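Just so you know, we're using the working numbering here: the sequence shown kicks off at 135 and counts up by one. For every residue, glycine included, the Cβ atom is placed at its ideal position computed from N, Cα and C. None of these values were measured; they are calculated from a predicted model. Below is one structure, written out as structure tokens; comments come after it.
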Amino acid sequence: MKKNVSRNGLFGPRDRISKLKNKSYYPLFFVGLLIAGILFIALFVYFVAIPMVAKDFEKDEGPTIIKDNQNKNTMIEQRQDLYSFVKEHLFKIRYINQPQKLGNELICTGGIDPAGNPLLNYVYLYTFKDEDNSEVSRLNIKCENDNIFYPQLSDKYVAYVDAMTGGGGGIYYFDRKSGQSKLVKEFYGAIPKIHLSQNRIIWFEQVTGDIASVYVYDILLDRLTAVNTQYGLPFVYGGVDVDGNKIIWAGLSDTDSNINDLMASGKSQLYVFDMTAGTTEKYNPDMYVFSPQIKGNIMGWLDTNNSPTAGLYIVEGNGVTKKLADAVTGYYIGDGIVVYCQNQRMFCYFVEKDLTLPLSKEDKKAMMIGGANGIVFWYDITQTYERDIVKYAEVNSSSWRK
135 MKKNVSRNGL
145 FGPRDRISKL
155 KNKSYYPLFF
165 VGLLIAGILF
175 IALFVYFVAI
185 PMVAKDFEKD
195 EGPTIIKDNQ
205 NKNTMIEQRQ
215 DLYSFVKEHL
225 FKIRYINQPQ
235 KLGNELICTG
245 GIDPAGNPLL
255 NYVYLYTFKD
265 EDNSEVSRLN
275 IKCENDNIFY
285 PQLSDKYVAY
295 VDAMTGGGGG
305 IYYFDRKSGQ
315 SKLVKEFYGA
325 IPKIHLSQNR
335 IIWFEQVTGD
345 IASVYVYDIL
355 LDRLTAVNTQ
365 YGLPFVYGGV
375 DVDGNKIIWA
385 GLSDTDSNIN
395 DLMASGKSQL
405 YVFDMTAGTT
415 EKYNPDMYVF
425 SPQIKGNIMG
435 WLDTNNSPTA
445 GLYIVEGNGV
455 TKKLADAVTG
465 YYIGDGIVVY
475 CQNQRMFCYF
485 VEKDLTLPLS
495 KEDKKAMMIG
505 GANGIVFWYD
515 ITQTYERDIV
525 KYAEVNSSSW
535 RK
């Protein structure tokens, strides 16, 4: 009987039965194809693709050089923080409220009741001889109700709110030359935050339950004007802010007409009134706006009412709305800067540089008071003390430089 002798080829048995059953050499075949493919691609890239791409970068004088046209001043070094700007002043009164500094003078309210609790029934004026020393005097301002809020200082006047604990009170100004106070207007609801700009007192007041007005009182003319009145709003949008002749406040958007529309849309808008021209401009950021501020061509606002989760937004001119931070409890817009308190720490944002630097140290807890005239104030609440610890800093658009 003739044996079935197989004939072996390069890749194994060639007879029919062995070809169908023996597949152990198949992987070697595919590995060989893979190696050949890799060699082909490598040769193509080296001899064809690279020379073609290189032609796009060749010039007669050599390879293309991409120039950086930005001006670089190597003499200016950027700060890592703003701690050196922070000042601390030892006030001679135990509890102080809403300090404001103008030049070498600082004004605040303060006082205590017979039990040692805060009672803001006096107005104090500090005069700085230098950065560390000051003299204090108590202005001849009588508290007619329970507490004095929002003292505003100029070289001629002191404006303030004399309020009752249960609501209501009066808005006054004190003539520093004559030493006399005058009632401007009584109010019956929430305490309005006032501003003193030159010879004008400006505020946003809840007149009745659903009517709110923006008022301007001219001290020299003894004239009170309601420059805007809103109806159907049983709350205030966080008051007004003033920069020179401009007043900013938040109100209903053009698409809404009452509180029900606002609750449905959840959006409001900004109004900017020019006291000189008597005209009003509007800006709609397509969101809810609260506690607006203005300085130059920069506007800012929060997106919720007095919430620890509020987002802080700004817009420069007619540019794009920019979100600066979340969890903001207070802020102040100054000369090219926005100072804000986030998670009990103070920060300063430089608008032109798009740069944020810490103003208070990480191991210190802060509660922002406010700002004016380029100076921002906050309480140091790192520990509990029997007296208020107030810190302040004067920063501007160039403070980022060493």
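Going by DSSP, what residue range makes up the beta strand (DSSP E) through MET502? 500-506
Give the straight-line distance between the Cα atoms of ASP280 and ARG521, rounded to the nearest whole angstrom. 21 Å
Would you say the region 390-409 touches the region 464-481, given that touching needs at least three Cβ pairs under 8 Å? no
I believe GLY323 touches GLN340 by the beta-carbon criterion, under 8 Å. Please report the beta-carbon distance rounded to the nearest angstrom. 4 Å
Uninterrupted beta strand (DSSP E) stretches inside the region 246-324 (no shorter than 3 residues): 252-262, 268-272, 281-287, 291-297, 303-309 and 314-321
So, ALA297 versus ILE325, is the Cβ gap smaller than 8 Å? yes
Suppose only complete runs of 3+ residues qualify. What are the beta strand (DSSP E) ranges in the region 425-467, listed by chain order? 432-436, 446-450, 456-459 and 462-467
Going by C-alpha distance, which of LEU489, THR463, LEU404 and THR389 is nearest GLY504? The option with the nearest alpha carbon to GLY504 is THR463.
Unbroken beta strand (DSSP E) run spanning MET421, endpoints: 413-421
Please look up how many angstroms separate the CB atoms of LEU491 and LEU216, rounded, as I've assumed it's under 8 Å. 5 Å
Are the CB atoms of ILE509 and GLU486 nearer to each other than 8 Å? no
For PRO419, I'd like the list of residues in its chain whose CB is within less than 6 Å of its CB, leaving aside the five on either flank, ordered along the chain. THR455
At what residues does the beta strand (DSSP E) containing LEU404 begin and finish? 402-408
Please state if the CB of ALA293 and the CB of LEU330 are separated by a distance shorter than 8 Å. yes
When GLN478, LEU493 and GLU265 are compared against TYR500, the one with the closest alpha-carbon: Note that residue 500 corresponds to Ala in the displayed sequence, not to Tyr. When only C-alpha atoms are compared, the closest one is GLN478.
Quick check on LYS389: buried or exposed, where buried means 16 or more other Cβ atoms within 10 Å of its Cβ? Strictly speaking, residue 389 in this sequence is Thr, with Lys absent from that position. Counting Cβ neighbours within 10 Å, THR389 comes out exposed, since fewer than 16 surround it.
If you measure between the beta carbons of GLY434 and VAL472, is that distance less than 8 Å? yes
Residue range of the alpha helix (DSSP H) that includes ASP395: 393-399
So for ILE172, helix, strand or coil by DSSP? Note: ILE172 maps to helix in three-state DSSP.
Taking C-alpha atoms, which residue in LEU287, LYS319 and TYR417 lies nearest to ARG310? It is LEU287.
For HIS329, the residue or residues it bridges with in DSSP: ILE336
What is the rounded straight-line gap between the Cα of VAL406 and the Cα of ASN267? 40 Å
Can you list, in chain order, the residues of its chain with a C-beta nearer than 6 Å to that of SER494? Leave out the 5 residues immediately preceding and following it. ARG479, MET480 and ALA500
Measuring CB to CB, does ALA384 end up less than 8 Å from PRO426? yes
Using only alpha-carbon positions, find the residue among PRO233, LYS498 and PHE511 that is nearest to THR518. LYS498
Between the CA atoms of PHE484 and SER532 - distance to the nearest angstrom: So the two alpha carbons sit approximately 8 Å from each other.
Exposure label - VAL376; buried when at least 16 CB within 10 Å: buried
For a test of the three-state rule: what should DSSP assign to TYR365, helix, strand or coil? Three-state DSSP puts TYR365 in a strand.
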